[in-house]
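Counting with our numbering, you get residues 26 to 92 for the letters of the sequence shown. Input: a single structure, listed below in structure tokens.
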Amino acid sequence: FRNHGAFHEDCVNIIMKDLIHLMNPKYIEVTGLFTPRGGISIYPYANYGRPGTKYEGIAEQRLMNRE
26 FRNHGAFHED
36 CVNIIMKDLI
46 HLMNPKYIEV
56 TGLFTPRGGI
66 SIYPYANYGR
76 PGTKYEGIAE
86 QRLMNRE
């Protein structure tokens, strides 16, 4: 994604969706650690819990308590 023309948040979501498609996980978290641009650091985060399982609730709880 070095030369990919998208927002950091979009890159993290694309990576997460690709991993979900490839691995079919119960739960997954993806955090982007990008080099600061213009002196501003950004670390976008995305998570997924398989719908209809306890992992769906875990994903929601982890997202709400993220700092």
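Note that CB positions come from ideal geometry on N, CA and C, so glycine has one too.
Cβ shell of residue i (< 8 Å), same chain only, five flanking positions each side left out
i, result
"HIS29", "CYS36"
Counterpart residues of residue i in DSSP-defined beta bridges
i, result
"ARG62", "ILE65"
Distance between residue j and residue i (C-alpha atoms, nearest Å)
i, j, result
"SER66", "ARG27", "16 Å"
"GLY74", "GLN86", "10 Å"
"LYS79", "LYS51", "9 Å"
"ILE45", "PRO76", "12 Å"
"ARG62", "ASN49", "33 Å"
"ALA84", "THR60", "26 Å"
Spatial neighbours of residue i in its chain, beta-carbon cut-off 7 Å, leaving aside the 5 residues before and after
i, result
"MET41", "ILE53, VAL55, ALA71, TYR73"
"GLY57", "HIS33, CYS36, VAL37, TYR68, PRO69"
Residues of its chain near residue i, where Cβ-Cβ distance is below 6 Å and the 5 sequence neighbours each way are ignored
i, result
"GLU34", "PRO69"
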